[in-house]
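*Asks:* Dumping the structure here so I can ask a few things about it.
There are 2 protein chains.
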Amino acid sequence: MSDNRQVIIASLPTGALAASDFEVRSAPMPEPSDGQVLCRTIALTIGAGQRAGLQGSASYAGAPEAGRLMGGNGVAEVVESRAGAIPIGALVAAPTGWQEHSVHKATAVQVLPPDTDPATALGALGTNGLTAYFGLLDIGRPQAGETVVVSAAAGSVGHVVGQLAKRIGCRVVGVAGAADKCRMLVDELGFDAAVSYRDPEFRAAFKDATPDRIDVYFDNTGGPVLESALFRMATHGRIVCCGAVSQYDTSTPGPGPRGVPGLLVNNRVRMEGLLVFDYADRYDQARADMAAWIAEGSLKPKITEFHGLDQAPQAFVELLAGRTVGTTVVTL
Amino acid sequence: MSDNRQVIIASLPTGALAASDFEVRSAPMPEPSDGQVLCRTIALTIGAGQRAGLQGSASYAGAPEAGRLMGGNGVAEVVESRAGAIPIGALVAAPTGWQEHSVHKATAVQVLPPDTDPATALGALGTNGLTAYFGLLDIGRPQAGETVVVSAAAGSVGHVVGQLAKRIGCRVVGVAGAADKCRMLVDELGFDAAVSYRDPEFRAAFKDATPDRIDVYFDNTGGPVLESALFRMATHGRIVCCGAVSQYDTSTPGPGPRGVPGLLVNNRVRMEGLLVFDYADRYDQARADMAAWIAEGSLKPKITEFHGLDQAPQAFVELLAGRTVGTTVVTL
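Protein chains in written order, with my numbering: chain A, 46 to 377; chain B, 46 to 377.
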């Protein structure tokens, strides 16, 4: 076999991420041991949260390091198997990293049905879709008729959150970073309203879009949008803290939001952080639900696709700059 | 009868509260209508949260106004009754305000057993004690062996929180503003440790006092102590947002705490605001529990007492300056 092409972290970014923070290199083809499979990557997904993983010890993903393979989840085909339960040709979801080939213990991969669409497996049925599911349903707990607001609403998590809330019968308002994204949310995905945080009149537009205040705010951004939402929360509102993308791609994170804790007290607001891994024992049910909703048409996953491993760094840059929609996928 | 002496808000404070922000005046003696009782105030309690009520529209207590009677809760004796169910001489808890006499609908007062100690009724069995009870037990939900930290720990709410957590079998750490308060918490009330936020080595001392991090942080202060606690929270920790006394007595509230929302996400922390009025239908059970714990000696209420209605403004100033311990009570 040939060598294994990989994308490594060339240098830890200190400000906004650049494609030059990564390098492509050739490494020896990995060889599976007993109980392992060798996988050829078909598609990778990139999530904004991975930028937090490059900030150092503050992240749940552990400390990053220059010279290391860039981590990430992918869909892959098994090309060599030393695990009896998994045949050659099987399609699997695995933490492949940004590389053409990877080896995994058989227990560390999830075998997918052969007709699986890799982009859907990585998107609505992947980590980000599951994050939307558990964050909204378990932590946000919206009821029909309530107002649900989601930030980074056109993103991988956000566009699923909004559609799940619509299924429940909520008024759904998206916050995104561009007028065309806002139009897509309303026209294609059925959001009731969408406002751009880059709009100079954002605060007024946000208020107009939430006339009954906010029962559930699903926060993917932190920063000023979180602060704006805090001031619009309804009594007994819930804030799902899922991510803080506004604070990731910078070396100078902003101060905390005003209104904490005063507004939480006055309005008896609950604010709760979420990592999807805590819900691993319920993934199967969640994936079955989401697959059924996709099949019936009430959940429309959106994908932005890049082609080729070499494009992964630029895809990451585009994602962080807000120039992708839905789940960002790199096909190999 | 004579006139009714009252303390009114002379001017809304813009910086630190001063006794001169209040005035004592004589008003006509109020007269009860049908279904009402006339009450003579025996004792008043003052809570730090009332300072927030003087800041304007941001508070749950409604907008304050110069020239108005200062509000507050008291224990009073019924001196005239036009409500058959409540006899003259009955002892009641009521929102008397800072005045010698007040009239109330019979349904708006709580009749107390005749042998009630007014200070206990206003302290551990009053609003602040109930706040400690529901905030800790319903929102914080500590388990035996967990670490519970409470700020303003020598205050009316805080000193009850710590003792309730000790009853459950938690490691209890108090944060207070003076070394003598810290000694009292450990020596008299059984706290495992107490640290002063005014200690120049506060962060190191706080870390030393929480070697297993913090499972439940009961926050009465907001501001820098909240921020310090955020950085010490354990996975799946809970923050009970009860008050923000560090932000009340100033015209320039600080920024929000760093770490929101990032640390909430990484450690899956739940942060939830509390107003005790939401639990009104469970007050009777809570009071019965607390009275039993006082009787058995596992809950020792602390009181700082001032004498005379004229002293109420100064009592409020002392409270906000951190020079009182336990519940602040003014006896008339």
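We treat Cβ as the ideally placed atom computed from N, Cα and C, and that holds for glycine.
Compare the C-beta of PRO306 (chain A) with all C-beta atoms of chain B and state if any pair is closer than 7 Å.
*Replies:* True, the Cβ-Cβ gap to chain B drops below 7 Å.
*Asks:* Taking the beta strand (DSSP E) that TYR262 (chain A) belongs to, which residues open and close that run?
*Replies:* Where TYR262 (chain A) is concerned, the enclosing beta strand (DSSP E) stretches over 259–264.
*Asks:* Could you give the DSSP three-state label for SER104 (chain A): helix, strand or coil?
*Replies:* The pLDDT assigned to SER104 (chain A) is 49, lower than 50, so where the model puts this residue is not dependable; a value taken from the coordinates is nonetheless given after this. DSSP places SER104 (chain A) in coil when its eight states are reduced to three.
*Asks:* Please decide whether THR297 (chain A) counts as near chain B, where near means a Cβ-Cβ distance under 7 Å.
*Replies:* No - not a single Cβ of chain B is within 7 Å of the one on THR297 (chain A).
*Asks:* Since GLY370 (chain B) and LYS347 (chain B) are thought to touch, with beta carbons under 8 Å apart, how far apart are those beta carbons, to the nearest angstrom?
*Replies:* Note that residue 370 (chain B) is Val in the sequence shown, not Gly. Going by Cβ atoms, the distance from VAL370 (chain B) to LYS347 (chain B) rounds to 5 Å, so yes, they are a contact pair.
*Asks:* Quick one: grab the DSSP three-state call for LYS345 (chain A).
*Replies:* Reduced to three states, the DSSP call for LYS345 (chain A) is coil.
*Asks:* Give the DSSP bridge partners of GLY318 (chain B), in chain order.
*Replies:* Note: GLY318 (chain B) sits in a beta bridge opposite B:CYS286.
*Asks:* Per DSSP, what kind of secondary structure is PHE236 (chain B) in: helix, strand or coil?
*Replies:* Three-state DSSP puts PHE236 (chain B) in coil, outside helix and strand.
*Asks:* Could you tell me which chain A residues have their CB closer than 7 Å to the CB of GLN381 (chain B), listed as they occur along the chain?
*Replies:* In the structure displayed, chain B extends from 46 to 377; residue 381 (chain B) sits before or after that span and is not available.
*Asks:* Would you check if the stretch 50–60 of chain B and the stretch 271–288 of chain A touch, i.e. whether three or more CB-CB distances between them fall below 8 Å?
*Replies:* Segments in contact, no.
*Asks:* Within 8 Å, do at least three Cβ pairs link the stretch 154–162 of chain A to the stretch 121–136 of chain A?
*Replies:* A contact exists between the stretch 121–136 of chain A and the stretch 154–162 of chain A.
*Asks:* For the alpha helix (DSSP H) containing ALA139 (chain A), name the first residue and the last one.
*Replies:* Premise fails: ALA139 (chain A) lies in the beta strand (DSSP E), 136–139, not in any alpha helix (DSSP H).
*Asks:* Sorted by chain position, which residues of the same chain lie with C-beta nearer than 6 Å to GLN100 (chain A)'s C-beta, five sequence neighbours on each side aside?
*Replies:* Closer than 6 Å at the Cβ level, and outside the excluded window around GLN100 (chain A), lies no residue.
*Asks:* Thinking ASP264 (chain B) and SER196 (chain B) are a contact (beta carbons under 8 Å), I'd like their distance in whole angstroms, please.
*Replies:* The pair is a contact, with the Cβ atoms about 6 Å apart (cut-off 8 Å).
*Asks:* Between which two residues does the alpha helix (DSSP H) containing GLN51 (chain B) stretch?
*Replies:* That residue, GLN51 (chain B), is in no alpha helix (DSSP H); its beta strand (DSSP E) goes 49–54.
*Asks:* Quick test of your reading: VAL148 (chain B) and PRO73 (chain B), contact by CB under 8 Å. State the CB separation rounded to the nearest angstrom.
*Replies:* 12 Å between Cβ atoms; not a contact.
*Asks:* Which residues in chain B sit within 8 Å of GLY200 (chain A), going by Cβ to Cβ distance?
*Replies:* Those within 8 Å of GLY200 (chain A) in chain B number zero; the least Cβ separation is about 15 Å.
*Asks:* So, is the C-beta of PRO58 (chain B) closer than 7 Å to a C-beta in chain A?
*Replies:* No, its Cβ sits nowhere closer than 7 Å to a Cβ of chain A.
*Asks:* Would you list, in chain order, the members of the stretch 306–335 of chain A that have their beta-carbon closer than 9 Å to a beta-carbon of chain B?
*Replies:* So the list reads PRO306, GLY307, LEU308, LEU309, VAL310, ASN311, ASN312, ARG313, VAL314, ARG315, MET316, GLU317, GLY318, LEU319, LEU320, ASP323, given in the order they occur along the chain.
*Asks:* I need the DSSP call for ALA64 (chain B), collapsed to helix, strand or coil.
*Replies:* Of the three classes helix, strand and coil, the one that applies to ALA64 (chain B) here is helix, per DSSP.
*Asks:* Determine, using beta carbons only, whether ALA61 (chain B) comes closer than 7 Å to chain A.
*Replies:* For ALA61 (chain B), the answer is no, since every Cβ of chain A falls outside 7 Å of its Cβ.
*Asks:* Using the Cα positions of ALA166 (chain A) and THR280 (chain A), report the straight-line distance between them to the nearest angstrom.
*Replies:* If I take the Cα positions, the gap works out to 37 Å.
*Asks:* Using the C-alpha atoms, what's the distance from ARG212 (chain A) back to ALA189 (chain A)?
*Replies:* Going by the C-alpha atoms only, they are around 9 Å apart.
*Asks:* Would you list, in chain order, the members of the stretch 77–94 of chain B that have their beta-carbon closer than 7 Å to a beta-carbon of chain A?
*Replies:* Residues passing the 7 Å Cβ filter: none.
*Asks:* Helix, strand or coil: how does DSSP classify ALA325 (chain B) here?
*Replies:* Looking at ALA325 (chain B) - three-state DSSP - the assignment turns out to be helix.
*Asks:* Please list the partners that ALA197 (chain A) has in chain B, where partner means a Cβ-to-Cβ separation under 7 Å.
*Replies:* The premise fails here: ALA197 (chain A) is roughly 13 Å from chain B at the closest Cβ pair, so nothing lies under 7 Å.
*Asks:* Does any residue of chain A bring its CB to less than 7 Å from the CB of ARG303 (chain B)?
*Replies:* Yes, ARG303 (chain B) lies at the interface with chain A (some Cβ there is under 7 Å from its Cβ).
*Asks:* With 16 as the cutoff for other CB atoms within 10 Å, does PHE67 (chain B) come out buried or exposed?
*Replies:* With 16 or more other Cβ atoms within 10 Å, it is buried.
*Asks:* Can you find the residues in the same chain that come closer than 6 Å, C-beta to C-beta, to GLY214 (chain A), ignoring five residues on each side of it along the sequence?
*Replies:* Excluding sequence neighbours, GLY214 (chain A) sits near ALA189.
*Asks:* Roughly how many angstroms lie between the CA atoms of PRO306 (chain A) and ARG216 (chain A), to the nearest whole one?
*Replies:* So the two alpha carbons sit approximately 26 Å from each other.
*Asks:* Distance check for THR376 (chain B) and ILE284 (chain B), CA to CA, integer angstroms please.
*Replies:* Computed Cα separation, rounded: 34 Å.
*Asks:* For chain B, is any of its Cβ atoms less than 7 Å away from the one on GLY116 (chain A)?
*Replies:* GLY116 (chain A) does not count as touching chain B.
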